[in-house]
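Enquirer:
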Amino acid sequence: MMRKVEALREQILYGPVVKTLILLAYPLIINQLVQVLYNLTDTFWLGRLGRTELSAPGTAWPLVWLFTSIGAGFATAGFAFVSQYIGAGEYDKANRSAGALYSVMLLFSIAVGIIGVVLAPQMLRLMNVSDTIYPYALSYTRVVFLGIPFSFTLSAFNFLLRAVGDTRTPVKINVGTVILNIVLDPLFIFGWGPFPRLGVIGAAIATMLSGTIGSVIGGYLLFTGRVGIHLTLETLKPDFHLYSRIFRVGLPASIGSSTTALGFVILTRVIFTVGKLYGEVHGIPDFEDVAFATYSITNRLTNFMFAFTDGISMAMGTMVGQAIGARLYNRAKEIAEKTMVINFMVLSFGTLLFIIFRVPIFRFFINDPAVIAESAKVVEYFSASLPFFGVFAAVDNVFQSAGQTKKSMILGMVRLWALRLPLSYWLGVLMRDTTGTWLGMGLSNVLGAVMAIAWFLGGSWRKAIIDG
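So in my numbering, the last one in the sequence shown is 492, and the numbering has no gaps at all.
1) Sort LEU208, GLY95, LEU78 and GLN146 by Cα distance to PHE176 and report the nearest one.
2) Can the beta-carbon of ALA331 be found less than 8 Å from the beta-carbon of LEU57?
3) Around the C-beta of ILE270, are 16 or more other C-beta atoms found within 10 angstroms, so that it is buried, or is it exposed?
4) Would you tell me roughly how many angstroms separate the C-alpha atoms of MET364 and GLY414, rounded to the nearest one?
5) Give the secondary structure of THR375 by DSSP, where H, G and I count as helix, E and B as strand, and everything else as coil.
6) From MET275 to PHE373, what distance separates their C-alpha atoms?
7) Under 8 Å, with one C-beta from each stretch per pair, do the segment 258–268 and the segment 278–291 reach the 3-pair mark?
8) Going by other Cβ atoms of all chains shown within 10 Å of its Cβ, with 16 needed for buried, is LEU354 buried or exposed?
9) Does the segment 460–472 touch the segment 406–422, meaning 3 or more C-beta pairs lie closer than 8 Å?
10) On the premise that PHE378 lies in contact with ILE321, defined as a C-beta separation below 8 Å, what is that separation, rounded to the nearest angstrom?
11) What do you reckon, are the CB atoms on ARG16 and ILE390 nearer than 8 Å?
12) From this set, GLY111, TRP85 and LYS401, which residue's C-alpha is nearest ALA315's C-alpha?
13) Excluding the 5 residues preceding and the 5 following VAL88 in the sequence, name in chain order all residues of the same chain whose CB lies nearer than 8 Å to its CB.
14) Please list, in chain order, all residues of the same chain as LEU61 whose beta carbon is under 6 Å from its beta carbon, the five residues on each side excluded.
15) Should ASP116 go down as buried or exposed, given a rule of 16 or more other Cβ atoms within 10 Å for buried?
16) Quick check for students: name the residue ranges of the alpha helix (DSSP H) that lie wholly in the segment 195–267, counting only runs of 4 or more.
17) Identify, in the order they occur along the chain, each residue of the same chain with its Cβ nearer than 8 Å to the Cβ of ARG351, setting aside the five sequence neighbours on each side.
18) Tell me whether the beta-carbon of ILE348 lies closer than 8 Å to the beta-carbon of ARG486.
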């Protein structure tokens, strides 16, 4: 197994950049598409029940992200340490860092699951969720939080194998879990065969069960040493010096991720608020449900496009992390720049398809004339900004992979809190139209990308953290 890790390291550090990037990226792209398919499956089947049921996962997502993002920040730190130790050829330290990350994620996720179940009602009210959607969103959210420990440990498994350069094994597991989710969704939602009809709760149970099975398989592979990382009781023993280093690097990432997630909780409130305002002005009852259903579907579609660029960016992160660990800073810069260009081109093509096929795409999920009409605003005022987000995401991943998590934190907070939320709210209120909200979201992507490129070119991120 170590020969395989060494061979991957040699190709990552010295092989052709674009070829290596593609070899690492294509399994990650499949993996991201699989994750998106999880959400698309729920959206498709719940859309058969109605607009309010379809919106339940969309309201739950920012809350789940809010709580899990804290742990994700420390996973980012663990990834940076493991990838840089691999790049430096220090494999024992890589295993110890992996063990520390896995144990911390497991303990933290149990606490998150409990807190999420208890605070879900208060958080949904903070989001100003409409009374029609609220009961569905509450049920869905609580079931998903019960499965958080398993989704956390599965995420840790994905991070660790990506740090090594093994981007294929997680795909095999995740494809299996999403196929299981696709099978279970209609059974639990509609009560087919011997299964009870559970509606929205059934979708959440299907997601939780399939994720749990994936987590168990991932844990088995890590603890039996059948992948590039081998966890043992020794590597899981408390190492407070290592914990402190992970905490020091991971804290800014956690703050950045959690404040970004909180920002999307607030954005949900903005969409409901502006949608209600537009409905009152034009005499359209419950238009806030139309606005949010449109946002939910748009979010799923953009996540589908981002699956390609996220996979490429994550592959880039593995290459950048190991290159920095090996002190090959010019190579790290070349990898990052080529990734930005590829991301921009991929999302430009995806946006063009989105514009051309908007109506049949939205109708596939829900044949609601109001939602389809609202989606025209998405195309006109938001879609053109998507390629710029691809550039922003690449730079953000460079900072995280380099362990420069403070830069990533500031970058994310400025794009969301200083740009997206104020622009989306004030333009929406000023225009008394959801057009302003979509325009504000688009402007935040463009301005955020410009800021990210300027900071990247400054070069302050080119420094290894494993020396500290």
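Beta carbons are placed, not taken as given, at the ideal position from N, Cα and C, and that holds for glycine.
Expert: Looking at the atomic coordinates:
1) GLY95
2) yes
3) Buried is the label assigned to ILE270, since at least 16 other Cβ atoms lie within 10 Å of its Cβ.
4) 7 Å
5) helix
6) The sequence given here places Leu at residue 275; Met does not occur at that position. LEU275 and PHE373: Cα-Cα distance of roughly 36 Å.
7) no
8) Note that residue 354 is Asn in the sequence shown here, rather than Leu. Exposed: under 16 other Cβ atoms inside 10 Å.
9) yes
10) That belief does not hold up - the Cβ atoms of ILE321 and PHE378 are roughly 11 Å apart, past 8 Å.
11) Only positions 25 to 492 of the chain appear in the structure, and residue 16 is not among them; the question remains open.
12) LYS401
13) Around VAL88: GLY140, THR165, VAL168, PHE169 and ILE172.
14) VAL202
15) Burial call: exposed.
16) 224–247 and 257–260
17) ALA488
18) yes
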